[in-house]
Amino acid sequence: MRKQIVAGNWKMNKNLQEGIALAKAINEYFTNKPAEKADVILCTPFIHLSSMAGIINAKRLSFGAQNCASEVSGAYTGEVSADMIKSTGAEYVILGHSERRSYYHEDNALLNKKTVLALQTGLKVIFCCGEVKEERVAEKHFDVVKVQLEEGILNLPAEDMKNIVIAYEPVWAIGTGLTATPDQAQEMHNFIRSLVEKHYGKKVANDMTILYGGSCTPSNAKEIISKPDVDGGLIGGAALKAEDFSAIVEAF
Ligand code: PGA
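The numbering used here runs 96 ahead of the 1-based position in the sequence shown.
Below is the structure:
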């Protein structure tokens, strides 16, 4: 059985005190009311990671980063390595988010390099893919996602796949209030699963957790997550409030 996951992506929000308060509220919520079906992950800015280890102890709750360096260590001013992230107790790192791809020009080759390094370090990777609006309108969305995944992760050895989670995030749905319809999400998730199957066979494809992200809220999460190939969500805006985030996990 594949894992169901709800991951919060805090992006560049919450100073240290605010982040600690949010993590404590979420941890308390899930200590009192354990998440039954889904693993819950808080992906915070780097500065929060070392505090998270002391706060998060609810069952099924863990934490991770939103990016890592493409080099192991050394003279790379301002960068944070996979090993540094891992040393805080973090379990996950998000790679390939559309904001990294567009604002910081991270391409598939660089993301592949980062993924290899993160996996070697023992982190699990939440690898994002998704098309922009023009690509959807031009009906190129399947091709775009195929290339992002084939060049980003589907060239790695099969045994790496158990440490990778794929997140489909149509860029036109991120932070816009526009969500993909449950059918659009299902169609793409099914396509992604067949692509994984083509490269690694049925078992690996069946075990692959595929998350949907893009304007997920407590009110629309249930319908999207109920689709057979949608195994959870990557949540941005709604992950910044403990009540909204917990309500999305409750949608399971
Ligand atoms: P959003 O962001 O939920 O605010 O749309 C999702 C994401 O970018 O991961």
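Glycine is no exception: its CB is placed at the ideal position from the N, C-alpha and C atoms.
If you're wondering where the values come from, they're calculated on a predicted model, not measured in any experiment.
message: Would you say the beta carbon of L330 is closer than 7 Å to some non-hydrogen atom of the ligand PGA?
response: yes
message: As a quick exercise: from L213, I101, L330, L336, pick the residue whose alpha carbon is nearest that of R156.
response: Among L213, I101, L330, L336, the Cα nearest to that of R156 is on I101.
message: Could you compute how far the alpha carbon of K129 sits from the alpha carbon of I122?
response: 10 Å
message: Threshold first: 3 residues or longer. Then list the beta strand (DSSP E) segments lying entirely within the region 202 to 260, N to C.
response: Entirely contained in the region 202 to 260, the beta strand (DSSP E) runs reaching 3 residues are, in chain order, 220 to 225.
task: Please go through the region 133 to 167 and give each complete alpha helix (DSSP H) segment of 4 or more residues, from N-terminal end onward.
output: 145 to 151
- prompt: What are the boundary residues of the alpha helix (DSSP H) that N302 is part of?
  reply: Residues 298 to 303.
- prompt: Does the Cβ of G226 lie closer than 7 Å to at least one heavy atom of the ligand PGA?
  reply: no
task: If I'm right that R232 touches P266 with Cβ under 8 Å, what's the distance once you round it to whole angstroms?
output: 7 Å
field: V189, enclosing beta strand (DSSP E) - first and last residue
entry: If you look at V189, you'll find it in the beta strand (DSSP E) that goes 188 to 191.
query: Closest to L330 by CA distance: which of Q162, M97, R98, A103 is it?
result: A103
query: Quick check: the region 202 to 217 against the region 241 to 256, are there 3 or more CB pairs under 8 Å?
result: yes
- request: State yes or no: is the C-beta of G333 nearer than 7 Å to some heavy atom of the ligand PGA?
  value: yes
message: Can you list, in chain order, the residues of its chain with a C-beta nearer than 7 Å to that of L177? Leave out the 5 residues immediately preceding and following it.
response: Strictly speaking, residue 177 in this sequence is Ser, with Leu absent from that position. Correct list, in chain order: C164, A165, V168, S169.
Length-filtered (3 minimum) beta strand (DSSP E) runs lying within the region 305 to 342: With a minimum length of 3 residues, the unbroken runs of beta strand (DSSP E) contained wholly in the region 305 to 342 fall at 306 to 309, 328 to 331.
- prompt: Does the region 329 to 344 come close enough to the region 112 to 122 to have 3 or more Cβ pairs within less than 8 Å?
  reply: A contact exists between the region 329 to 344 and the region 112 to 122.
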